[in-house]
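All letters in the sequence shown, in the order written, are residues 18 to 401 by the numbering used here. For reference, the structure is listed below as structure tokens.
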Amino acid sequence: MTARKKLNNPFVTVGYVSPEYFCDREKETGQIAEIIHSNRNLALISLRRMGKTGLLKHTGYLLNRKSNNNELIYIDLMPTQSVSDLLSVIGTALLQTGHSEKNILEKILAALASLRPGFSYDTLTGQPSLVLNVINENEFNLGFRQLLFLFSSIRKERSIVLDEFQQILRYPEKNVEHLLRTIVQDNPQINFIFSGSDKHMMETMFNSPDRPFFQSVEMMYLGPIVTESYRDFIMHHFKAAGGIISGNTAESILAWCRNHTFYVQHFCNRLYAKGLSEINEETIRQVSFEILSSYEPLYLTYRKLLTAHQFALIQAIAVENGVSKPFSGDFVRKYSLNSASSVKTTLDALAGKEMIVGNKDGWQVYDVFFARWLEHGWKRFKRG
Ligand SMILES: Nc1ncnc2c1ncn2[C@@H]1O[C@H](COP(=O)(O)OP(=O)(O)OP(=O)(O)O)[C@@H](O)[C@H]1O
Ligand SMILES: [Mg+2]
Numbered sequence: 018m019t020a021r022k023k024l025n026n027p028f029v030t031v032g033y034v035s036p037e038y039f040c041d042r043e044k045e046t047g048q049i050a051e052i053i054h055s056n057r058n059l060a061l062i063s064l065r066r067m068g069k070t071g072l073l074k075h076t077g078y079l080l081n082r083k084s085n086n087n088e089l090i091y092i093d094l095m096p097t098q099s100v101s102d103l104l105s106v107i108g109t110a111l112l113q114t115g116h117s118e119k120n121i122l123e124k125i126l127a128a129l130a131s132l133r134p135g136f137s138y139d140t141l142t143g144q145p146s147l148v149l150n151v152i153n154e155n156e157f158n159l160g161f162r163q164l165l166f167l168f169s170s171i172r173k174e175r176s177i178v179l180d181e182f183q184q185i186l187r188y189p190e191k192n193v194e195h196l197l198r199t200i201v202q203d204n205p206q207i208n209f210i211f212s213g214s215d216k217h218m219m220e221t222m223f224n225s226p227d228r229p230f231f232q233s234v235e236m237m238y239l240g241p242i243v244t245e246s247y248r249d250f251i252m253h254h255f256k257a258a259g260g261i262i263s264g265n266t267a268e269s270i271l272a273w274c275r276n277h278t279f280y281v282q283h284f285c286n287r288l289y290a291k292g293l294s295e296i297n298e299e300t301i302r303q304v305s306f307e308i309l310s311s312y313e314p315l316y317l318t319y320r321k322l323l324t325a326h327q328f329a330l331i332q333a334i335a336v337e338n339g340v341s342k343p344f345s346g347d348f349v350r351k352y353s354l355n356s357a358s359s360v361k362t363t364l365d366a367l368a369g370k371e372m373i374v375g376n377k378d379g380w381q382v383y384d385v386f387f388a389r390w391l392e393h394g395w396k397r398f399k400r401g
């Protein structure tokens, strides 16, 4: 095999770069743009690593390119642990997006003076972050409203993305959901997009009649990218670099990764890094083996953390490539799983640890590469 000309790797595995490296999602991007345009609020839910953040950043990129007036501000709530953190990340986002605004820093500091604003600096990048200190509900309420007021005053038609929104349920403060709902209601000039990967927590917040956010948003579930578009995307990027990969081979990568975005990206990134001019099924096997070997220390740790019965069940689910009837006699017998009732208890435990995930078709191992490792180990053992 000959080496081809080296390019930067087009299979992005961290963050969003530009439309060129972003596959499809045209329908979803259009829907989100329409929702924003019509001043509605949205809750976006998907499995972890399916591409929520990428989709939101992509939509923001396209909207900003079209019109500077429709900027989508992205705020990640994952690192926040309290309402003080929440206001701090929003204040920091305001500082960054309004940097070209005259006296933006002074305006923010004046508006939030009662919250004792301070700064911290990223040790690597030196970027400043605003640090706010909220001591009661009233301060939070006023602080949040002040920030939204400043957001709207910088430019009209703002959309704010609160990613990993379920995080607010983990804050120690009470009543956050209720306060936020009222603030959102009082600020119809701002579109809110609430995004999260904890389906249960997100659905409980937005679909339960007794919760403040009940029926206040449009729900969108983000599934995998369809095979045809992803196959063409993969083929296009290899071809652009002088590599040959057939449609069937590209589809076998997708099948091995269950079309789950992060896993496909990671796989293709590794494959691309090899710089091969011709990619075939044997190359695919080799890359899968390399991936599983590199993750093996982690998966051995998972194994230690699970009980023998939990491990047997998750392995059985992996070998079956998902199971729709985990309590059936056939399944229980085939994998020596004791009884249907013990499977029920273990299934709940694995789901609670987010090791497996359920949908209308049954249960799957959440981490795709872990599933393949389990499957591989089972086959090796059986043959052995
Ligand atoms: N449409 C796409 N085309 C190509 N790569 C994508 C696409 N969407 C997402 N990615 C890539 O897939 C990976 C996972 O996507 P992303 O981080 O957006 O998922 P997520 O659902 O926000 O995950 P998490 O729940 O962990 O926050 C990232 O590396 C991202 O760059
Ligand atoms: Mg994300």
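Using N, Cα and C, we set each Cβ at its ideal position, and we do this for glycine too.
Secondary structure of D408, DSSP reduced to three states: Lying outside 18 to 401, the shown extent of the chain, residue 408 is not represented and no answer is given.
Give the single residue among S176, Y247 and L59 whose Cα lies nearest to the Cα of S404. Shown here, the chain extends from 18 to 401; a query on residue 404 therefore has no answer.
For E88, tell me which candidate among Y78, M95, P96 and L94 has the shortest Cα-Cα distance. Nearest option by C-alpha distance: Y78.
Below 6 angstroms, is the gap between the Cβ of K69 and the nearest heavy atom of ligand 2? Flag set: Cβ of K69 near ligand 2.
Given 8 angstroms as the limit, is there contact between the segment 99-108 and the segment 136-151, that is, 3 or more CB pairs closer than that? Yes, since at least three Cβ pairs between the segment 99-108 and the segment 136-151 fall closer than 8 angstroms, the two stretches touch.
If you count every other CB in all the chains shown that lies within 10 Å of the CB of P27, and 16 or more means buried, which is it? P27 should be labelled buried.
Opening and closing residue of the alpha helix (DSSP H) in which S359 lies: Segment A357 to G369, the alpha helix (DSSP H) holding S359.
Residue burial classification, N58 (beta-carbon count within 10 angstroms, cutoff 16): Burial of N58 is indicated by the presence of at least 16 other C-beta atoms within 10 angstroms of its C-beta.
7 angstroms CB neighbourhood of R66 in its chain, flanking five on each side removed: For R66, where only same-chain residues beyond five positions count, the Cβ hits under 7 angstroms are H277, T278 and F279.
Please tell me whether G160 and L186 are closer than 7 angstroms, where the distance is taken between their beta carbons. Contact: no.
Taking 7 angstroms as the threshold (C-beta atoms), are W395 and Q332 in contact? Yes, the pair counts as a contact, with Cβ atoms nearer than the cut-off.
What are the partner residues of M219, as DSSP defines its beta bridges? For M219, which the question treats as bridged, DSSP gives no partner whatsoever.
C-alpha distance - E194 paired with D203, whole-angstrom precision: One Cα belongs to E194, the other to D203, and the distance between them is close to 14 angstroms.
Verify the contact flag: C274, CB atom, against every heavy atom of ligand 1, threshold strictly below 6 angstroms. Taking the Cβ of C274 as the reference point, every heavy atom of ligand 1 lies at 6 angstroms or farther away.
With distance defined between alpha-carbon atoms, name the residue in L73, A290, L64 and E295 nearest to D180. For the residues L73, A290, L64 and E295, the minimum Cα distance to D180 belongs to L73.
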